[in-house]
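Using the numbering used here, the first residue of the sequence shown is number 2, and each one after it goes up by one. Quick reminder that beta carbons are idealized off the backbone N, C-alpha and C, glycines included. Please read all numbers here as calculations on a predicted model, not as lab measurements. Read the structure below first, then the notes.
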Amino acid sequence: MARLLKKRVTVEATAGRLGWRRNPATVAQNVTEGVVEVSDGNTVFRLRQPINLKVRRDGPYFLVGYDRLGIEEYGKTGQEALDAFACHFGALWEGVAQADDRKLTKDALQLKREIRSLVKEVSTSG
2 MARLLKKRVT
12 VEATAGRLGW
22 RRNPATVAQN
32 VTEGVVEVSD
42 GNTVFRLRQP
52 INLKVRRDGP
62 YFLVGYDRLG
72 IEEYGKTGQE
82 ALDAFACHFG
92 ALWEGVAQAD
102 DRKLTKDALQ
112 LKREIRSLVK
122 EVSTSG
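If you want it as structure tokens, here you go:
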């Protein structure tokens with residue numbers, strides 16, 4: 002399962018509180034400001050500086066996005082939207098940030114620069 006983490010201190014301090022897990026709107030509000038890590042499965046992307054994700058509702062769906070990378074994902078719950086966002090982030094890293102520059106278009110090269118400027122460290126477990 003993908004996850005987004007706010008500042009570690011805040012996550013640890015609120016880990017015992019379960020209310021946010023039951024209310025998707027609260028999930029979106031709690032974890033989309035000051036994001037310092039994006040986790041997609043076993044891969045964790047540690048960011049150079051915190052980012053703020055845009056969250057909005059569109060009918061029955063939650064949308065989570067980050068304009069700088071052109072990502073906007075949706076889900077029926079806030080957590081589903083966050084998971085989709087993290088998956089898209091991971092796919093961009095694998096498909097664009099790791100690609101040979103000669104194989105990328107001008108726009109893809111710009112996207113590669115953007116994502117690489119955001120990510121400080123990538124680690125995998127398992």
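Cβ distance (whole Å) where residue i is taken to contact residue j below 8 Å
i, j, result
"F46", "I72", "Rounded, the Cβ-Cβ distance is 13 Å, inconsistent with contact."
Proximity of residue i and residue j at Cβ, strictly below 8 Å
i, j, result
"G76", "A85", "yes"
"V97", "A82", "no"
"D41", "A100", "no"
Whole-angstrom distance between residue j and residue i, CA atom to CA atom
i, j, result
"R39", "E115", "In the sequence as presented, Arg is not what sits at residue 39; that position holds Val. The alpha-carbon atoms of V39 and E115 are separated by roughly 15 Å."
"F63", "V56", "7 Å"
"P61", "W94", "29 Å"
"R117", "R58", "29 Å"
"L92", "K104", "Correcting the residue type first, residue 92 is Ala in the shown sequence and not Leu. Roughly 16 Å between the two C-alpha positions."
Same chain, Cβ closer than 8 Å to residue i, five either side skipped, listed in chain order
i, result
"L110", "D102"
"K8", "Confidence at K8 is low in this model, with a pLDDT of 33, below 50, so its placement is unreliable and the value that follows should be read with caution. Excluding residues within five positions, the ones whose Cβ falls inside 8 Å are G35, V37, P51."
"L48", "V36, V37, E38, V39, L119, V120, K121"
"K107", "none"
"V123", "T44, V45, F46, R47, W94"
Same chain only: Cβ atoms within 6 Å of residue i, ignoring 5 sequence neighbours per side
i, result
"T125", "N43, T44"
"Y67", "L54"
"T33", "L54, V56"
"K113", "V97, A98"
Contacts around residue i, its chain only, beta-carbon distance under 7 Å, and the 5 residues preceding and following it disregarded
i, result
"R69", "E115"
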